[in-house]
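Next comes the structure, spelled out in structure tokens:
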């Protein structure tokens, strides 16, 4: 299974604007790219905060099979739909391995840092696709947690809009 | 006077690898670019930490007229050379305005966050040139201090090496 981390961030590496949940700062171009690219995946994994933000704001997209990692899956019983939207409290790596075992071919990891860090540490992250918006926030959540040193290789860079870049890396 | 912030960072927006001083992680391609591009400026401003790191490590370069901002300029009396290397404890914006008054045409700001944040808040930052290295650190100093929201416009992106990008922005 190909596993790809997908994120939008400010040019100074903030996944959120200060303490806000979600990526409300994402440009229309990124939202369009995100919706379109998700359509090329057959499953995706996200954190509870990302799920709550995506219900209300930008980066909502017609989604493939979604797994939401949360400490309280029982809080979402009313929203869960078998085969469409699952809520689990597993470790991220265990969830990704389970999706591979179930036969999924392309898995999008749409944050946050805990999910991406756990997947890269378990050797389960193949690529990282970063949208870079032309704004600096100074403070906000980061892409990875803790003191890590993760080498990547550049796959390519393209323009999503006049001022928005999409940079693709693979783990080295 | 054209004022350009120049920095090298990890793909997740860390200007330092965790708590280390300086940019020892900068690729040979970035070091070459940095040395070459500094030759196109007639003055540069840096912080004390950056100066101490550049004495010993990567990103040392044949420099234009250098101003080092430090709380203790008197600690560097032995190293100061009039017209070559000055140590000052001024506010960053005051230093930049003074360089413009003295007739300098191109000023490079080579970090850190305090200098870049003060210059952008004073409306004195024209461009920002970011080298992005293919590595993630999870923690380290950021480009700007505090909770800011600074819009930029993309000027262009180019490859410095196989996996290293140079992204140029101007303040919007």
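Protein chains in written order, with my numbering: chain A, 587 to 758; chain B, 587 to 758.
Glycine is no exception: its CB is placed at the ideal position from the N, C-alpha and C atoms.
Asked	Found
Contact set between residue 600 (chain A) and chain B, taken where Cβ atoms lie within less than 9 Å	599 and 728
Neighbourhood of residue 743 (chain A) by C-beta, 8 Å cutoff - its chain only, sequence neighbours within 5 removed	751, 752, 753 and 754
Complete runs of the beta strand (DSSP E) confined to the stretch 620 to 690 of chain B [at least 3 residues]	629 to 633, 651 to 655 and 671 to 674
Contacts that residue 720 (chain B) makes with chain A (C-beta to C-beta distance below 9 Å)	737, 738, 739, 740, 755 and 758
Check whether residue 695 (chain A) and residue 589 (chain A) have beta carbons under 8 Å apart	yes
Cβ neighbour criterion (16 or more within 10 Å) applied to residue 668 (chain A)	exposed
Among B:611, B:655 and B:664, nearest to residue 674 (chain B) - alpha-carbon criterion	B:655
Contacts that residue 614 (chain A) makes with chain B (C-beta to C-beta distance below 9 Å)	Simply none; closest approach about 15 Å.
As assigned by DSSP and simplified to three states, the class of residue 588 (chain A)	strand
Residue 682 (chain A) versus residue 732 (chain A): straight-line alpha-carbon distance, rounded	21 Å
Outcome for residue 739 (chain B) when other beta-carbon atoms lying within 10 angstroms are tallied against a minimum of 16	exposed
Own chain partners of residue 598 (chain B) with C-beta closer than 8 Å, once the 5 adjacent residues on each side are dropped	722, 723 and 724
DSSP state of residue 735 (chain B) mapped onto helix, strand, coil	coil
Any C-beta of chain B under 8 Å from that of residue 700 (chain A)	no
Cβ-Cβ distance between residue 702 (chain B) and residue 710 (chain B) below 8 Å	no
is_contact[residue 672 (chain A), chain B] using C-beta, thresh 8 Å	no
Residue 704 (chain B) (DSSP reduced to helix, strand or coil)	helix
Residue 725 (chain A): contacting residues in chain B (beta-carbon distance under 9 Å)	728, 730, 731, 732, 733 and 734
Inter-residue Cα distance where the pair is residue 644 (chain A) and residue 617 (chain A)	Annotation note: pLDDT 43 at residue 644 (chain A) (below 50); position unreliable, coordinate value reported separately. Their backbone Cα atoms lie some 7 Å apart in a straight line.
Within-8 Å CB hit, residue 696 (chain B) to chain A	no
Residue-chain proximity (residue 749 (chain B), chain A), Cβ-Cβ < 8 Å	yes
Beta-bridge pairing of residue 697 (chain B) - partner residues as DSSP gives them	Paired residue(s): none; residue 697 (chain B) is not in a bridge.
Between the CA atoms of residue 593 (chain B) and residue 748 (chain B) - distance to the nearest angstrom	19 Å
Residue of A:704, A:619, A:633 and A:624 minimising C-alpha distance to residue 607 (chain A)	A:633
Straight-line Cα distance separating residue 620 (chain A) from residue 713 (chain A)	15 Å
Interface flag, residue 603 (chain A) vs chain B, CB-CB below 8 Å	yes
Integer Cβ distance of residue 716 (chain A) from residue 595 (chain A), believed to fall under 8 Å	6 Å
Pair within 8 Å by beta-carbon distance, residue 650 (chain B) and residue 628 (chain B)	yes
Which residues DSSP lists as bridging residue 754 (chain A), in chain order	A:715 and A:742
Own chain residues within Cβ distance below 6 Å of residue 708 (chain B), not counting five before or after	679
Chain-ordered neighbours of residue 743 (chain B) on chain A, where CB pairs are closer than 9 Å	743, 745, 751 and 753
DSSP state of residue 692 (chain B) mapped onto helix, strand, coil	strand
Neighbouring residues, chain A, relative to residue 716 (chain B) (Cβ below 8 Å)	597
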